[in-house]
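Residue numbers (my numbering), protein chains in the order written: chain A, 56 to 368; chain B, -9 to 250. All C-beta atoms in this analysis are idealised placements derived from N, C-alpha and C, irrespective of residue type, glycine included. Here the structure is a predicted model, which means the values were calculated and not measured. Read the structure below first, then the notes.
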Ligand SMILES: Nc1ncnc2c1ncn2[C@@H]1O[C@H](COP(=O)(O)OP(=O)(O)OP(=O)(O)O)[C@@H](O)[C@H]1O
Ligand SMILES: [Mg+2]
């Protein structure tokens, strides 16, 4: 299957900027997959998303989304997209529901009607359902957005972006500012959307546990790709697996490890032995000294991520 | 097609709602023409009197009406920059609709807002004794709509070369104010100095004001004195300029939006 997103040698330098915000980035995204773009503040994630969603013109490079070039045929690309922007983009003069209605009409999902009551029943049902996903009440949906808290605005943007079912859904830090319950609600709902098929999710986030399940992860730093792969391969390439052992007779344990030909580090609280996950069992079986403690360490994506970013460029 | 129309309507409706929900702006909308026509028209009337049989009150009223519609529609377009600055424009520009639909929706919305102001002017003109017959009103309304669209397109043209709200707030008065005097709102253009009279040809607002007068004065004895060009001439010229302004303005505005 051809990729749903194809990015080749993408470069963006903002007007009057000294450096490229995106500096020769290439990647592809498979249809219906879950893609995570990670990187520290200012890495170029939002810039890349803006170009992929046709709201920013690239300096050079090729970007094809859902079979259409974003520069040559932005209209065709826009028909396939949904997005939650990093910066809130609500009309504060309207009520929450009016913001959603405006969106639904702009996307041609429903005809325009001046009042909520006159909108089709299907629309009203959908708004209720989506509001429930993030935990906005119907009373709140009728309120002026001006009176919303930051997190409520975020929830509203999520409701709005989910009202149509795009081929590619871009989420630029969607859970920033959300309470844990809404965050879980959103991920469960996204899980359902993905299970139904037909939607590719393109995520940026600073909560790395949200990216653990991604089919593909791309880490940017200073506008360049510094790592790419699944959570497993990224972790595997970088983070050391280890086991911490301790025994009443620490010297005996150390001697035994040396005899077994294992490297270890010893400190005041025990010994750390680098070992592959699959190898842990064999190691433990080979030790006769009675152990008082065994701690295995499973690296998280976050550790791998931090390690990658600390590497000299 | 239906989709584009719906999208345009919802965008226009947004501007109308914004006006209706802003009490202060709504009051100002109605008070401003009162002060304008009442004080200015009154003082002009007393200092010039009936110049050659022409009723200056009618002249100023139609002038203010055309000027207000044109200017209000043009200046309302600035709120496109406001949308950009608080990032709402992202939401609109990402939508699968034509860029012209976005701009036309905006022009329609600000045009409707301007028409609400026109209602204020008409009401106060009536109170102040300007007589407006039904046929006059029927002829004026389409002309008023045309002026709003024209003013909006002019606003888009100007906005096409401005990036920030601050710049817009500086540039717009600079562009509108001279037209105020060049378009014959208070005094007939052809009674001004030849130099100014010639310069006034360059002011788009002149044609808007003249179109309104054309429909209001139609068939009256003082028509020739008050009106410069025929209704079809003004309407034709405005249509051509509308298309030119719209195309150039939209292209430039969209470019600004995406080429950051
Ligand atoms: N409009 C702009 N004009 C000039 N430079 C910009 C503009 N927007 C972003 N930049 C610069 O481009 C670089 C990348 O910014 P971008 O917003 O893409 O980062 P990001 O990865 O989304 O960061 P964050 O995690 O903080 O959202 C930064 O150095 C930023 O300063
Ligand atoms: Mg960002």
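Query                                                                                                                                                                              : Result
Just to confirm, is the Cβ distance from residue 227 of chain A to residue 104 of chain A under 8 Å?                                                                               : yes
Counting pairs of Cβ atoms below 8 Å between the segment 125 to 144 of chain A and the segment 70 to 80 of chain B, do you hit three or more?                                      : yes
Would you call the segment 89 to 100 of chain B and the segment 59 to 77 of chain B in contact, with 3 or more CB pairs under 8 Å?                                                 : yes
Which bits of chain A does residue 262 of chain B rub up against, with CB to CB less than 8 Å?                                                                                     : One cannot answer for residue 262 of chain B here, as it falls past the ends of chain B, which runs -9 to 250.
What residue range is occupied by the uninterrupted alpha helix (DSSP H) comprising residue 154 of chain A?                                                                        : 151 to 161
By the criterion of Cβ-Cβ separation under 8 Å, what are the contact partners of residue 84 of chain B in chain A?                                                                 : 108, 109, 110, 133, 136 and 138
Looking at the structure shown, is residue 91 of chain B part of a helix, part of a strand, or coil, going by DSSP?                                                                : helix
Just to make sure I have the definition right: I need the residues of chain B whose C-beta is within less than 9 Å of the C-beta of residue 70 of chain A. Which are they?         : 249 and 250
Chain B partners of residue 57 of chain A, CB-CB under 8 Å?                                                                                                                        : Those do not exist, as residue 57 of chain A stays about 22 Å from chain B at its closest Cβ, beyond 8 Å.
So residue 115 of chain A is in the alpha helix (DSSP H); what residue range does that whole segment cover?                                                                        : Here residue 115 of chain A belongs to no alpha helix (DSSP H); instead the beta strand (DSSP E) covers 115 to 120.
If contacts are defined as beta-carbon pairs under 8 Å, then residue 114 of chain A and residue 66 of chain A qualify, I think. What distance do you get, rounded to the angstrom? : 5 Å
Check whether the segment 252 to 271 of chain A and the segment 225 to 239 of chain A are in contact - that is, three or more C-beta pairs closer than 8 Å.                        : yes
Residue 227 of chain A: beta carbon under 7 Å from a heavy atom of ligand 2?                                                                                                       : yes
In whole angstroms, what is the alpha-carbon distance linking residue 314 of chain B and residue 126 of chain A?                                                                   : Since the first residue shown for chain B is -9 and the last is 250, residue 314 of chain B is missing from the structure and cannot be characterised.
Can you look up residue 275 of chain A in the DSSP assignment and give me helix, strand or coil?                                                                                   : strand
Restricting to Cα atoms, I'd like to know which of A/297, A/156 and A/166 is closest to residue 183 of chain A.                                                                    : A/156
Using 8 Å as the Cβ pair cut-off and three pairs as the minimum, do the segment 178 to 189 of chain B and the segment 108 to 119 of chain B touch?                                 : no
Taking 8 Å as the threshold (beta carbon to beta carbon), is residue 96 of chain B in contact with chain A?                                                                        : no
Let me know the beta strand (DSSP E) ranges lying completely inside the segment 129 to 158 of chain B, each 3 residues or longer, listed in chain order.                           : none
As an exercise, report each continuous alpha helix (DSSP H) stretch of at least 4 residues that is fully enclosed by the segment 66 to 136 of chain A, in chain order.             : 100 to 107 and 129 to 133
Assuming residue 272 of chain A contacts residue 253 of chain A under a Cβ cut-off of 8 Å, what Cβ separation, rounded to an integer in Å, is found between them?                  : Rounded, the Cβ-Cβ distance is 22 Å, inconsistent with contact.
Run through DSSP, which three-state label would residue 111 of chain B get?                                                                                                        : helix
From the beta carbon of residue 166 of chain A, is the nearest beta carbon of chain B less than 8 Å away?                                                                          : yes
Which residues are close to ligand 4, meaning CB closer than 6 Å to any heavy atom, in chain order?                                                                                : Of the ligands this structure carries, namely ligand 1 and ligand 2, none is ligand 4.
Any C-beta of chain A sitting closer than 8 Å to the C-beta of residue 7 of chain B?                                                                                               : yes
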